[in-house]
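Worksheet for the structure shown next.
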Amino acid sequence: MHEKERHRVILSAVQDKPVATVQELVELTDSSEATIRRDIAALHVQKRLRRVRGGAEAINPPQFVGLAGRPFSVNEALNARQKQAIAKEAVALCQDGEPIIINGGTTTFQMVHFLANRRMQVFTNSFPIAEHLLKHSKNTVMLSGGTIYREQNIILSPFENDVTRNFYARRMFMGAQGLGPLGLMEADPLLIQAEQKLIDQADDLVVLADSSKFRKRSSLILCGLKRIATVITDSGIEDREAAMLENAGVHLIVADVRAAVPVENAPSQA
0 MHEKERHRVI LSAVQDKPVA TVQELVELTD SSEATIRRDI AALHVQKRLR
50 RVRGGAEAIN PPQFVGLAGR PFSVNEALNA RQKQAIAKEA VALCQDGEPI
100 IINGGTTTFQ MVHFLANRRM QVFTNSFPIA EHLLKHSKNT VMLSGGTIYR
150 EQNIILSPFE NDVTRNFYAR RMFMGAQGLG PLGLMEADPL LIQAEQKLID
200 QADDLVVLAD SSKFRKRSSL ILCGLKRIAT VITDSGIEDR EAAMLENAGV
250 HLIVADVRAA VPVENAPSQA
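The numbers in numbering that gives the first Met the number 0 rise by one with no breaks, and the one at position 232 of the sequence shown is 231.
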């Protein structure tokens with residue numbers, strides 16, 4: 000990640016919570032501790048944040064706490080070809096007319112390009128997914144209610160009796176912060192709460208995760224491997240990771256990145 004992008008992620012992180020620790024910023028940027036400390040020092044000198052012991056805080060601390068994780072705009076550019084290929088395989092699982100849930104994320108967002116000529120019932124908590132499908136397809140779209148988190152471009156509700164409980168789906172498609180022997184991992188408790196409600200509304204859970212996600216970990220477990228029906232990833236997955244899924248009874252689909260359709264050439268009109 001280039002310096003400009005790191006600085007953007009760091010500034011976003013300190014706006015989302017009272018204090019962002021050095022270790023949290025290391026994980027968000029995939030950088031070394033020394034690099035993050037230099038970045039914090041530079042931004043402190045520029046008066047764009049305040050350096051504190053073990054991390055950094057905003058000059059004007061937020062009154063509304065956001066979500067942990069990289070901004071959508073930063074994540075979107077990472078492993079883009081892999082995400083497109085994975086999304087294409089995900090849409091291939093769908094049948095016209097069936098109800099599906101698409102959880103917000105940069106990998107699941109790529110599904111919109113391949114849903115352009117489909118006729119699906121789509122429930123999503125993603126503002127960009129809903130907007131794109133409304134403009135470029137004839138799919139029926141239902142949005143969850145709640146607060147819009149700008150950096151992640153998702154809508155989350157803290158209430159149990161929201162519209163989520165009234166939608167049934169054949170499949171739910173979602174990404175992940177990490178994927179390991181203990182299951183699917185996420186970075187924020189509010190995400191866990193909202194996503195668990197969505198998972199309960201679907202028969203099958205389909206996880207879209209590029210191979211780098213098998214090497215990432217988080218402190219929060221969303222669900223165990225046995226709740227996952229299918230994982231779609233790319234050829235970068237290692238044999239031991241494939242065996243882990245097989246032993247848990249998870250169906251594995253490996254997308255061919257070479258055959259991926261570039262977004263600019265993907266179908267965009269119904």
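Positions of the beta carbon are idealized from the N, C-alpha and C atoms, including for glycine.
| Asked | Found |
| --- | --- |
| CA-CA distance, Gln22 and Gly53? | 8 Å |
| Excluding sequence positions up to five away, which residues of its chain have a Cβ less than 7 Å from the Cβ of Ala265? | At Ala265, the pLDDT of 48 sits below 50, so the modelled position is not reliable; the number obtained from the coordinates is stated separately. For Ala265, where only same-chain residues beyond five positions count, the Cβ hits under 7 Å are His112 and Phe113. |
| Ends of the alpha helix (DSSP H) at Phe108? | Thr105 to Phe108 |
| Write down the C-beta distance between Ala208 and Ala175 rounded to the nearest angstrom, noting that I regard them as a contact closer than 8 Å. | 5 Å |
| Taking 8 Å as the cut-off, decide whether the C-beta atoms of Asn102 and Leu197 are in contact. | yes |
| Am I right that Ala40 and Arg50 are in contact with their C-beta atoms under 8 Å? What's the rounded C-beta distance? | 6 Å |
| Given 8 Å as the limit, is there contact between the stretch 76 to 94 and the stretch 225 to 236, that is, 3 or more CB pairs closer than that? | yes |
| Looking only at its chain, what residues have a beta carbon closer than 6 Å to the beta carbon of Gln120, apart from the 5 residues adjacent to it on each side? | Pro98 and Thr139 |
| DSSP three-state label for Ser211, please. | helix |
| Would Tyr279 and Gln195 be called neighbours here (beta carbons separated by less than 8 Å)? | Because the chain is modelled from 0 through 269, residue 279 falls outside the range shown and cannot be assessed. |
| Give the range of the alpha helix (DSSP H) segment to which Val51 is assigned. | No alpha helix (DSSP H) contains Val51, which is instead part of the beta strand (DSSP E) from Arg49 to Val51. |
| Assuming Leu181 contacts Leu221 (C-beta within less than 8 Å), just tell me the rounded distance between them. | About 10 Å; that fails the 8 Å criterion. |
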